[in-house]
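Read the structure below first, then the notes.
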Amino acid sequence: MVPDGLVHRILPVDRWQALANMVRLLRTNIQEWEDAGGFKSGTPRPRAVIFAATNKDAREATASLQNALWGQHKLYALLPEDGAMPLQVLEQFAGAVSASLESESRAKQASDSGKLGALLSKSGVGAGGASGADDSGFDIWGAATAPTVLLTTPSAARGLDFSNLTHVYSLNVPLNDAEYAHQAGRLGRLGNLGTGIITSVVEPSLETELQGLIGRVAGAKANVEVLEVVEAEDLSGLDLGEAASKDKAVRRLDDIFELYTTEEGGQ
Numbered sequence: 127m128v129p130d131g132l133v134h135r136i137l138p139v140d141r142w143q144a145l146a147n148m149v150r151l152l153r154t155n156i157q158e159w160e161d162a163g164g165f166k167s168g169t170p171r172p173r174a175v176i177f178a179a180t181n182k183d184a185r186e187a188t189a190s191l192q193n194a195l196w197g198q199h200k201l202y203a204l205l206p207e208d209g210a211m212p213l214q215v216l217e218q219f220a221g222a223v224s225a226s227l228e229s230e231s232r233a234k235q236a237s238d239s240g241k242l243g244a245l246l247s248k249s250g251v252g253a254g255g256a257s258g259a260d261d262s263g264f265d266i267w268g269a270a271t272a273p274t275v276l277l278t279t280p281s282a283a284r285g286l287d288f289s290n291l292t293h294v295y296s297l298n299v300p301l302n303d304a305e306y307a308h309q310a311g312r313l314g315r316l317g318n319l320g321t322g323i324i325t326s327v328v329e330p331s332l333e334t335e336l337q338g339l340i341g342r343v344a345g346a347k348a349n350v351e352v353l354e355v356v357e358a359e360d361l362s363g364l365d366l367g368e369a370a371s372k373d374k375a376v377r378r379l380d381d382i383f384e385l386y387t388t389e390e391g392g393q
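Following this line, the structure appears as structure tokens:
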């Protein structure tokens, strides 16, 4: 069952730059959430599952994704073929959910308390200890290192539930009505809101076919967005005399070496 409130995104991109474009979206998810106020905004911290087509594809992408998302997302890999313990990984991923939700609740309580204190102050009534609290370090899961991304394959995740997801990414997984419905449906399972974004990263030649598939699975009125590809960035325009520009250059160079692959599939 595909929830009605989903946004279905298509990212038609050649394989050699697929990882780089997906990472850009994952970074944007966190940045937009932080810009909106983070936990104080009342919206859940972005949490995603990435489906790779095969265990080999997932294994090859793990290190690159971990390095590229360091400081914004913490990546867990659920790959039983490589010896990962599914229940242990799920417990760790679920544990981050519980702590993250607690952080969200505490931030909201602090915000509400601050609003109450301001209202009482304007009214000339003592706040009695009600005040806004600094949430900059009250919970390790409120930090950028919280486990927020799970990398797996459709077969490894079969029969497992992931709660409080906001995003699902399908990384060059073969097109199939049943599999797409299964992946999209994860955003509507128990513990999820029935809203969210599923992004399919596919070869450009498959864009039209995928649009037809979404129409069949989610209906003609489904909210479908086709994203533009961001090409590898040119570093020649950066002023390396400025510290901020140096940081940008280092990040971009890291991305080029970590995330862009050759046409033959190597890094």
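Counted from 1, the sequence shown has number 133 at position 7 by this note's numbering; the numbering is strictly sequential. Cβ atoms here follow ideal geometry from the backbone N, Cα and C, with glycine treated the same way. No experiment lies behind these values; they were computed from the predicted model shown.
In the structure shown, Y386 adopts coil according to DSSP, grouped into three states. Burial is judged here by how many other beta carbons sit within 10 angstroms of a residue's own beta carbon; Q157 has fewer than 16 and is exposed. Counting C-beta pairs closer than 8 Å gives three or more between the region 377-387 and the region 128-145, which meets the contact rule. N349 has V133 as its beta-bridge partners, per DSSP. A174 is classed as buried because its beta carbon has at least 16 other beta carbons within 10 Å across all chains shown. Take the alpha-carbon of G131 and the one of A184: they are about 29 Å apart.
As the crow flies, the alpha-carbon of G285 is around 36 Å from that of D380. From the listed residues R153, V356, K166 and G322, the smallest Cα separation to N193 is found for R153. Burial is judged here by how many other beta carbons sit within 10 angstroms of a residue's own beta carbon; N155 has at least 16 and is buried. The bridge partners DSSP lists for V328 are P138. The C-beta of R171 has 16 or more other C-beta atoms within 10 Å across all chains shown, which makes the residue buried.
H308 carries a helical assignment under DSSP once its states are collapsed to helix, strand and coil.
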